[in-house]
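Here's the structure, in structure tokens; my notes come after.
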Amino acid sequence: VWAIAQDKRGVVYAGCSDGEVLEYDGTRWRHIPLPNFDSVVRSLHVAQDGTMYVGSKKELGYLEPDENGQLRYVSLMEHIPPNDREFQDVWNTFETPDGIYFYSYTRLLRWKNNRFKTWDIYTNGSPNYIQGHLYITGRDGKLLRLENDRLVTVTQRAEFVRGIMAILP
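Quick look at the structure:
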């Protein structure tokens, strides 16, 4: 299990190594498979609207009820421009007022208004959303901040070569 989240109803979800999300309602477990069985579900996030977003290896999407009310996985890959679909594990999925972000070590993707915006990144840290700003560590060890849809350098020195795991207010 790589990720755990709980929705507004109290149902618990676990992202697993075998290409599925497990759903636990307090009584029983249910398997929700992803299209790629070799995927590893690395991140889960419940958005303000209640949608459960899923980040995986070479795959990302969300859970949506089918005609019987059972959650099923819906891929968002077709919405990503073909040249931007090359990424590995989506380690973090989170929400800001600007949209839902999916973060891998080579690509940052934002889902907003049924469209993706993408940024090429090369990092080994974690994204941090602090006081209205998104920060990541660049490949060169510099701290970057997302401003007006551009990644700008915050530090001029390569102080964070190993990546920042957390920034606290």
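Start counting the sequence shown at 41; every next residue gets the next number (my numbering).
Glycine included, every Cβ here is placed at the ideal spot set by N, Cα and C.
Remember, predicted model here, so these are calculated numbers, not experimental data.
Query	Result
Beta-carbon spacing of N154, H119 below 9 angstroms	yes
V80 versus N132 - alpha carbon distance	13 angstroms
Close Cβ partners of A206 (< 8 angstroms) along its chain, the five nearest in sequence each way excluded	S166, N168
For V94 and V52, the rounded distance between their alpha carbons	14 angstroms
Cα-Cα separation, I176 to A87	21 angstroms
Whole-angstrom distance between R197 and G109, CA atom to CA atom	52 angstroms
Under the three-state DSSP convention, the category M117 falls into	helix
Selected residue, minimal CA-CA separation from T91, among E107, P73, Y113	Y113
Distance CB(L148)-CB(L100) smaller than 9 angstroms	no
Boundaries of the beta strand (DSSP E) in which P105 is found, first to last residue	99-105
Under 9 angstroms between C-beta atoms of Y141 and E135	yes
Chain-order list of residues whose beta-carbon lies under 6 angstroms from that of D124 (same chain, five-residue window excluded)	T158
Among Y162, G55, E63, E187, nearest to G178 - alpha-carbon criterion	Y162
Sequence-distant residues of the same chain with beta carbon closer than 7 angstroms to S115, five excluded per side	P75, E99, G101
Inter-residue spacing [alpha-carbon to alpha-carbon] between G139 and W151	6 angstroms
Element boundaries [beta strand (DSSP E), containing A43]	43-46
Same chain only: Cβ atoms within 8 angstroms of D47, ignoring 5 sequence neighbours per side	Y53, V86, G90, M92
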